[in-house]
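Q: Note that UniProt numbering has the sequence shown beginning at 1, numbered continuously upward. Next up is a structure, given as structure tokens.
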Amino acid sequence: MAEQIRYDLSDLGTPLFSSRSSQVFQLRDPDKLLKLFRPEVDQHLIDNEEINTTETFEKGISAVECYGQARVACPDGLVRSGLIIKKIPGQTLIARAMKKPLTVFSASGTMADLHIAMHNTHTDKIRSYKELVRTSLDTVIMSFLTGEERAQILARLDALPDGDSVLHLDYHPDNIMSDGQNISVIDWMTSASGAPAADVAATLYLLNEGEMIPGLSPAVASVLEFLRKSICKSYLKKYKAISGMTDEEIRPWRLPFLIVRLSIWSIDSEIDDLRRKIREELAR
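Right, dumping it as structure tokens:
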């Protein structure tokens, strides 16, 4: 790991973008950004994102280059961790679709093409998805499961195919940047290696059931909901047509993703719903 650079939060200015897990700041170098993680994000997730971002850049499936970690001193005395990354020009596919709704059709095709290229890329440096699921089962938030339920989950997981394809696991139009000519997938924190169908199952959940960005007006949320479901339907159709993947291959990976979603994201408003869905899957 490269030597860590230190900043003061007061010197960084206003973030360009804020999400549940991070804030993104422009650095003095116009080609570099600081992705500053919120205090509750575990350091191992930040370390994973550094590894994943470096690997996917070196494999040629992402234009995001990582220049190492940084530490940021905050006025409250906390020291937060961040990653220094290359700035990717343009807007996310969902932002482009909000301005020009007809681009929803090209966005879905772009998503499918990029996802297949990703899944045709193999890695031995990114953590195993199956191991990620097993680790997720051991977190406190999964303690609602009985011993019998845990055993059932592990048996189902063991029966699923292995793989070494690059998986994103947070793949949706807001994690794809485009300036109209160049395009790149961003945000590799949750990336893993495994069977491509696992990643497709994750995307189907995110586009059809994942919680919307907090703070949206009802009107904007309604438009986004329509756009992402429209994109999902067309994306899945094209992905299956090109890859030959079937619904029967995708379906068994829903349960593992529900577990990872609950364990890693732990979004308060999703917890009860995810626990219910996990038990529904176990009952199938």
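Where a beta carbon is used, it is the ideal one built from N, C-alpha and C, also for glycine. Since we're looking at a predicted model, the values are computed, not measured.
Can you check which of these residues, Thr190, Pro101, Cys74 and Asp124, is closest to Phe226 by C-alpha distance?
A: Closest by alpha carbon: Pro101.
Q: Measure the beta-carbon distance from Thr123 to Lys59 and round it to whole angstroms, keeping in mind my assumption that it falls under 8 Å.
A: Correct: roughly 7 Å between the Cβ atoms.
Q: Does the Cβ-Cβ distance between Glu281 and Met189 come in under 8 Å?
A: Their beta carbons are not under 8 Å apart, which means Glu281 does not touch Met189 by this criterion.
Q: Go ahead and pull the three-state DSSP assignment for Val185.
A: It is a strand residue.
Q: Among the candidates Asp273, Gln69 and Asp113, whose CA atom is the shortest distance from the CA of His172?
A: Checked all of Asp273, Gln69 and Asp113; the closest Cα to His172 is Asp113.
Q: With H, G and I counted as helix, E and B as strand and the rest as coil, what does DSSP make of Tyr171?
A: Residue state, collapsed to three classes: coil.
Q: Can you name the residues that DSSP bridges to Asp8?
A: BP columns for Asp8 point to Ala73.
Q: In the DSSP output, which residue or residues are listed as bridge partners for Leu36?
A: Leu36 is bridged to Gln23 and Gly82.
Q: Can you grab the Cα-Cα spacing for the pair Ile271 / Arg20, in whole Å?
A: Spanning the two alpha carbons is a distance of roughly 15 Å.
Q: Please go through the segment 87-135 and give each complete beta strand (DSSP E) segment of 3 or more residues, from N-terminal end onward.
A: For the segment 87-135, not a single whole beta strand (DSSP E) run of length 3 or above is found.
Q: Whose C-alpha, out of Asp247, Leu93 and Ala202, is nearest the C-alpha of Ile231?
A: Comparing Cα-Cα distances from Ile231 to each of Asp247, Leu93 and Ala202, the minimum goes to Leu93.
Q: Taking Arg261 as the reference, give the member of Asp187, Ser136 and Ala195 with the closest Cα.
A: That would be Ser136, whose Cα lies nearest to the Cα of Arg261.
Q: For Ala195, I'd like the list of residues in its chain whose CB is within less than 6 Å of its CB, leaving aside the five on either flank, ordered along the chain.
A: Answer for Ala195: Pro161 and Gly163, listed in chain order.
Q: Return the bridge partner residues of Val166 from the DSSP annotation.
A: Partner(s): Ser193.
Q: If you draw a straight line from the alpha carbon of Arg276 to that of Asp8, how long is it in whole angstroms?
A: Spanning the two alpha carbons is a distance of roughly 43 Å.
Q: Identify, in the order they occur along the chain, each residue of the same chain with its Cβ nearer than 6 Å to the Cβ of Arg127, setting aside the five sequence neighbours on each side.
A: So the list reads Ala192, once near-sequence residues are dropped.
Q: What do you get for Pro256, buried or exposed, if any count of 16 or more other CB atoms within 10 angstroms of its CB means buried?
A: Pro256 is buried by the Cβ-count criterion.
Q: For Thr139, is the classification buried or exposed, using 16 other Cβ atoms within 10 angstroms of its Cβ as the cut-off for buried?
A: So Thr139 counts as exposed.
Q: For Asp158 and Ile141, I'd like the C-alpha separation in whole angstroms.
A: Their Cα atoms are separated by approximately 22 Å.
Q: Restricting to Cα atoms, I'd like to know which of Ala97, Arg28 and Glu211 is closest to Asp179.
A: Nearest of Ala97, Arg28 and Glu211 to Asp179, Cα basis: Ala97.
Q: I'd like the list of long-range same chain contacts for Phe105, defined as Cβ closer than 8 Å, with 5 residues on each side in sequence excluded.
A: Excluding sequence neighbours, Phe105 sits near Ser234.
Q: Which partner residues of Phe17 appear in the DSSP bridge assignment?
A: According to DSSP, Phe17 bridges with Val24.
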